[in-house]
Amino acid sequence: MPRRSLTVRILQVVTLVVVTFLFAALIAAAFFNDGRPLTTLSPSGPSSASIQKLVLPVFAIAGVVFVLVLGAVLTVAWKFRSKDEDDPEEFPEQVHGRTFLEIGWTILPALILAGVAVGTVTTIIDLNRKEPDSINVQVTGQQWWWQYKYDVNNDGNFDGPEDIITATEMVVPAGRPIQVTTTSNDVIHSYWIPGLNGKRDAVPGLRNPLKLQADEPGIYRGQCTEYCGLSHANMRMLVRAVPAGDYDAWVRNQLKDHAAEPTDPKAIEGKKTWLALCGQCHVIKGVNDVKAKTTPVPLVAGVAPDLTHLMTRGTFAGSIFNLYNPTDPNDPNVLLSAGDVASAGNPGAALTGGTVATANVNRVTLEAWLRNAPAMKPMYPQGGRGMPNLALTEDQIDQLVAYLETLN
Amino acid sequence: MTLTSHDPIPASNLDGAVEDYSRDKVYVLTALFLAAVTVLEVLTYAYPDFPVWADNLLIPVLMIMMAVKFFTVLYIFMHLKFDKPILTWVFYAGLVLAVLVYLAMLSTFRIWWPESHS
Amino acid sequence: MAEALTARESIKAADAHAPSAHIEHDTNTGISNTKLGMWLFLASECLLFGGLITTYLLYKRPLEGPTPEEIFDIPFTSTSSFVLLMSSLTMVLAVSAIERGDHERLRIWIGATALLGATFIAGQIYEFTVFVREGLGFTTSRFSSAFYTLTGFHGVHVTIGIIMLMSLVLLSLRGKLPEHRSETVEIVGLYWHFVDVVWIFIFAVVYLVP
Amino acid sequence: MALTESRPLALTSGDVDTVYKPAGVFTRPKSGATGWKSWLTTVDHKKIGIMYGAAAIFFFVIGGIEALLIRVQLWAPRGTLLSANLYNQVFTMHGTTMIFLVVMPIGAAFANYLMPLQIGARDVAYPRINAFSFWAFLFGGVFLNSSWLLGGGADGGWFNYAPNNGVIFSPTNGIDFWNLGLIITGVASLAGAVNLIVTVLNMRAPGMTLMKMPIFTWMTLVTQFLLLFAIPVLTAAQILLMMDRLFDANFFNVAKGANPLLWQHLFWIFGHPEVYLMILPAFGIVSEILPTFARKPIFGYPFIVFSGIAIGFMGWGVWAHHMFVSGIGPITVTTFALTTMFIAVPTGVKILNWVATMWGGKLQFTSPMLFSIGLVTMFTIGGLSGVTHSVAPADTQQTDTYYIVAHFHYVLFGGAFFGFMAGFYFYWPKVFGYLLNEKLGKANFWLMLLGFNLTFAPMHILGLQGMSRRIYTYDAGYGFEVWNKVATIGAFILASSIALFIFNMFYSKSKAKNLPAPGADPWDARTIEWMIPSPTPEYNFDPIPTVSRVDDFWYRKYGETKDGKLVRIAATDDVVQKLSDGKHIHLPSPSYWPIVLAFGMPIAAYGLIFNMWLCLVGGIIIVGGLYGWVLEPPDDPEASHDDDGTDTHASDGGDAAVTEISGSVDQPNELDPAKEAETVG
Ligand code: HEA
Ligand code: HEA
Ligand code: CUA
Ligand SMILES: [Cu+2]
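Protein chains in written order, with numbering that gives the first Met the number 0: chain F, 0 to 407; chain H, 0 to 117; chain D, 0 to 209; chain A, 0 to 680.
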């Protein structure tokens, strides 16, 4: 072999060191999942746990196979490298093959995989088992937010007067199985709460099942994972698992219309604007539901989020903005970086129909949304997909926010 | 080397089989057979209650007749029977693959069990 | 080692003597390139038509507009299917004619094939216009889109076949189709029969299966 | 039975066509010309191979720049380099370009250049169709990329799911460009597939049975069969999409009862064989390189061949593993999970046989060898992550995250591309007559290995920790920041390694003048393409070698004793062929028509998008091109020779002129040579 150049040598060593270090760091990183709300590696529900139980050994097998192959290659490369002093006309033994070896390494991987296959099949069966006593929720993907319908009276129909329609956040009781049905009003989306289960596509025209269950109360974030156009990146969602009692209170509140007339003069003005402009797409039950149903809705997906109980949510617009200020509420300059995960907005008492802590409302972002929604989140309102810029005056915005704040 | 393409081939250049028209006879008979099967096919439409294909047998009967025609044309008219086997292999590779893959695909749509299809 | 040496000698000798005559059809498989190529192409066409047929099967029950049962005119389609089927006969007779060196009949049979094909296409166009008049536009339903795309695509294939046949007649008239090129006719014939075979499938699966 | 035929259907009638003396454009361009014009009309498989390679590298730089844009955008949360709209176009075009305009054509480049040499053929079966394939691919690629200037690129992702690919959801023309452009490149691939399969089956040198073919040729054969059957499925899907987008059909119109999964099935029935046809050429290349530099025959030739075939077969039964979460039902999911897993078996056979090939050898770590070893290890990482996807429940967590992005870049870049790099370094002297600088080559390798791992390894963690793919932005607080930065840095190192490679091409060329020419066989290699002078003469072989075993060239140089010892039996110089003037060798003449015909297609496609009249123009060019093609005389009359009068027999333009290679080997030829001689004479 010709002499090796120093630069190449250095590069070689650097590469090997960096790559080794890199892989070590990667493996280490797999164990640090704090502050990673979307991680797939720390399950919080039975489904995700059984996936985890399946995948860890598979990772291990893959790791072992890789180490063996890499080890073999490196050993061979070192042991059988040709040396400068070798006679170039001296040849290694000419082996053309060893049938028993080849058959061996055909069968061995097949056996290993047969083992993996067994685990796979049992887990698939497990994940598809129907749970008794589950809550039925239909999740509909829309460009670019999620709508939820709860079959509260369990009659197999999600559109009865006894049922709940809400958006963006799914509220569930901890410890109880939820039977989700995904579907879509426009293109394919995918519903994914990594902490609770794998994902399931929301396909227009199809109804796909998905089981969710959160073991503990808490906030479980998710992200739409099927590419669905312009704002796919900004289509997130959130599951709020609450104690069973809170859940019942939440249901009772959601079932109510928003009938209470606003008293604040600003809010009264806001309601007028609402009826004139916003009501053509959005619904507030008891205020303009009928209208939205009769007028042809100027949206491809046909629906905008139901805002009847807007203030019971912690986030809005595909869960990328906080509806409540988690940090200093008095600083008018905080335009929160979108989706401030460290402290997801918390509706507090409003969640179950209590009073809205107006001081905590993230007015800056909400106002910005009303001022020019497409600037806050890429949307395509001229094509009927997303919320348009309605060219509201500052006063109107002020009044609207005042009105929205009454929607507990 | 002065022959033009319009001259008939000297008989010495032909082997015995070509002079007579027996091949053409086979072709005509084949066509008659195909015609007969086609008539049968159409009869399934004209007389849907005929016992042979009444009830659930209609589709299998139709498929069998279709296959008979299909392979007759393939083997006789397209010479697959008389040509080198590799042509059969090549064509069957595509045909069988197409049938298997698309049948598998249709079954994932569950169209074989129409009652579960919305 | 001596063994190896002689082996090498014989290799060299073989190279030198490798025949270099230009013999057509002298291929590894004994099949000419063009013919093998055509069969490969036909094999791949199976997957193309398979895709369209599968789509049709999936979509043949429309949500609105006329259904297949309402719209199809089986006697009419049977006739035109029959015409196409018989064109296969004339095609194969044409191949047989040129192999015999009978150029007169070659042209007659090819002409007949083209004519039968054209009749089929005419029938298809007529069928389409009737369907449209009866309210089955291309965009009416999922069934209509699938039906027109599948049969239209087949029609395009037939039309291409007709063009090739006409070209053959022209070539033959100009004396450019001597017997040793009879394979050209045979290969066009393969294409033609394949298109027929596809129709055999379509006729049974699309028209006759209820 | 009267139908039994003992003779081929076509008779050799003994008459000769009068040489057609056409005027003007119908004259074929002269062969042997040089200069840029000769490239436009060439039908030489070697020039076409080189053009495939050059075009692919050009598109690679475009696709790579798109990749760098992606990486810069994702450098930090809330990146602002690209808008959401632009980002979606960029990643769609990145994926589409890399797959259809880079990896596939580089495979075609190697297949075109090498395969005829490896089987000892003069050219491919249909040289003009070969030229047509190339031009159709190039024009299709240019057409696709012209969308950037005509209203924006496609924004549906490379698999372009319905109904998001419909006019309502993607109203610009981008997806029309995507659709029609890929139909055009599909036509190119299909024509190429027919051509190369016929070449392998029909035109091998005397003595080369199927089981004596070099492995690269085998993998080419499998690849082309995959193309032959996969492309029409994509075309079918694209025809449906075209009908929907341009003529308002209802194939993906959910309101009229369409099922969006139809697109997914058709796309992935194509798409999965597609991924294997991208990797198999690279597998073929390293199967040539590893034995060369291990100084040992490939371990288990039949196993390597059959596992390649097995991969080709099994690749058809796994497509729905891309749809595990789309709602196909647990039974389908289970079936496809199992079929997918077991595809690891034949692939594993290959990997382990390569390791065994190196075992006990005397390894020379040249650049091609380094890249080949790179493939063996890096592909294994990608393959193993593939196995973790095939575990369907696990895939419901992984799919559409960066974990998948990591998987396919490891198999595509770490597998296919490392293989291609190995092939470039290995075959460069054969193609261009000078060696690439080894020092730069090694630096190239290490830099690429570094950059590659830095770019794509972190994506495993990003994906497992929840980063979705195809997102133009992410927020702080999800823990994605660090690894995205590493990946972006890696991408630039990777880019610099590519730049180094491009630099090496020119640097080595300028230095080559002062270095001895590499000669026919610079690496002491094994297969017969190394028997002929470098760069390959136009006529390839003179005379055509008779092949008696796998690695025929090697065993012309070396003999093997009974106990597996190797001894030299001839000096390389005595075995390789000398440059001859090649005068007596008949080569197909160049032709104008392939490029004309191919040119009509994008014109017609523009017409479909913008103005139907343009369609007419395109149609006229296509039809005219076809007639020109058919009526073109078989050969450049002035270039014909009189060594024997049968030259003008070439019945289908120039395309049959290459059937002159004789020898029918593995299938006993049923022709009776005596009779044949009689009729010819
Ligand atoms: C060159 C291309 C290539 C290759 C060769 C492969 C090879 C494999 N791929 Fe990959 N794949 C892609 C390209 C490729 N893939 C692309 C582009 C996508 C994404 C498309 C998109 O969504 O955009 C994809 C996506 C993809 C998915 C879908 C993921 C998802 O979107 O959810 C799956 C799922 O099963 C999968 C599986 C596999 C498997 C099992 C293999 C196997 O063939 C791998 C086999 C190899 C080995 C396993 C290593 C060597 C073996 C051994 C050393 C033996 C011992 C091993 C064991 C005992 C395990 N791939
Ligand atoms: C063979 C195929 C191939 C190859 C080689 C690559 C190469 C690269 N890919 Fe590719 N990638 C795909 C196929 C490929 N990709 C596919 C199919 C997708 C899915 C698309 C989809 O979802 O639809 C994808 C998606 C994809 C994503 C995910 C996007 C998303 O989901 O949002 C990312 C993100 O980092 C990425 C990065 C890269 C990088 C950094 C490279 C680098 O390796 C590129 C390195 C090359 C260069 C940089 C060019 C050469 C450089 C020079 C000549 C230097 C001079 C020029 C400058 C420095 C300006 N790719
Ligand atoms: Cu919705 Cu992505
Ligand atoms: Cu796949």
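The beta carbon of each residue, even a glycine, is placed where N, CA and C say it ideally should be.
At a cut-off of 7 angstroms between beta carbons, A/Phe250 contacts chain D.
Across the region 64-81 of chain D, CB contacts with chain H closer than 9 angstroms involve Ile73, Pro74, Ser77, Ser80 and Phe81, in sequence order along the chain. At least one CB atom of chain A sits nearer than 7 angstroms to the CB of F/Leu40. The C-beta distance from F/Val7 to A/Lys510 rounds to 17 angstroms, too long to fall under 8 angstroms, and the pair is not in contact. Around the beta carbon of F/Glu84, a 10 Å sphere encloses fewer than 16 other beta carbons of the protein chains shown; the residue is thus reported as exposed. For secondary structure counted as the alpha helix (DSSP H) over 4 or more consecutive residues, the region 230-268 of chain F holds these complete runs in sequence order: 243-254. The beta carbon of D/Phe71 is closer than 7 angstroms to those of Tyr206 in its chain, skipping five residues each way along the sequence. For a cut-off of 8 angstroms, the C-beta gap from F/Asn321 to F/Thr311 is around 14 angstroms, too long to register as a contact. Within the region 98-124 of chain A, no residue has a Cβ lying closer than 8 angstroms to any Cβ of chain H. Taking a beta-carbon distance threshold of 7 angstroms, A/Lys349 does not count as an interface residue toward chain F.
At a cut-off of 6 angstroms, the beta-carbon of F/Glu225 counts as near ligand 3: some heavy atom of the ligand is closer than that. In this structure A/His406 touches A/Ser384 by the C-beta definition: roughly 4 angstroms separates them, less than 8 angstroms. When C-beta atoms of the region 41-53 of chain F are compared with those of the region 110-127 of chain F, three or more pairs fall below 8 angstroms, so the two segments count as touching. Nearest in C-alpha terms to A/Thr198, of all of A/Asp580, A/Asp122, A/His271 and A/Ala393, is A/Asp122. A/Ser37: member of the alpha helix (DSSP H) spanning Trp35 to Thr40, first to last residue.
Look at the beta carbons and you see the region 163-170 of chain D touching the region 98-116 of chain D: at least three pairs across the two are nearer than 8 angstroms. For A/His271, the shortest separation between its Cβ and any heavy atom of ligand 4 lies below 6 angstroms. Ligand 3 never approaches A/Met466 closely enough for any of its heavy atoms to be under 6 angstroms from the residue's Cβ. Of the other Cβ atoms in all chains shown, 16 or more fall within 10 Å of the Cβ of D/Asp25; this residue is therefore buried. Taking F/Val286 as the centre and dropping the five residues before and after it, the same chain places the C-beta of His257 closer than 7 angstroms to its C-beta, in chain order. Contact residues of the region 326-357 of chain A toward chain H are Ile327, Gly328 and Thr331 (C-beta to C-beta distance below 8 angstroms).
Across the set F/Ala113, F/Met378, F/Gln279 and F/Leu100, the C-alpha of F/Met378 shows the shortest separation from the C-alpha of F/His231. Using a Cβ-Cβ cut-off of 7 angstroms, A/Tyr554 does not count as an interface residue toward chain F, since no Cβ of chain F sits closer than that to its own. For H/Tyr46, no Cβ of chain D is located within less than 7 angstroms of the residue's own Cβ.
Think of a sphere of 7 angstroms around the beta carbon of H/Val100: the chain A residues whose beta carbon falls inside it are Ile268 and Trp315, in chain order. For A/Phe246, the chain D residues whose C-beta falls within less than 8 angstroms of its own C-beta are Phe137 and Thr138, listed in chain order. In this structure, F/Arg235 places its C-beta atom within 7 angstroms of the C-beta atom of F/Ile319. Going by DSSP, F/Thr165 is part of the beta strand (DSSP E) stretching over Ile163 to Ala166. Per DSSP, reduced to three states, the secondary structure at F/Gly285 is coil, with no helix or strand assignment. In the DSSP assignment, F/Trp145 falls within the unbroken beta strand (DSSP E) covering Trp144 to Tyr149.
In this structure, DSSP gives A/Glu559 an extended state, which the three-state scheme calls strand. In the structure shown, the three-state DSSP call for A/His408 is helix. Interface with chain H (7 angstroms Cβ-Cβ cutoff): A/His264 is included. The three-state secondary structure of A/Leu586, taken from DSSP, is coil. At a cut-off of 7 angstroms between beta carbons, D/Ala111 makes no contact with chain H. Contact annotation for A/Ser467 against chain F: Gln222 and Thr224 [CB-CB distance below 7 angstroms, chain order].
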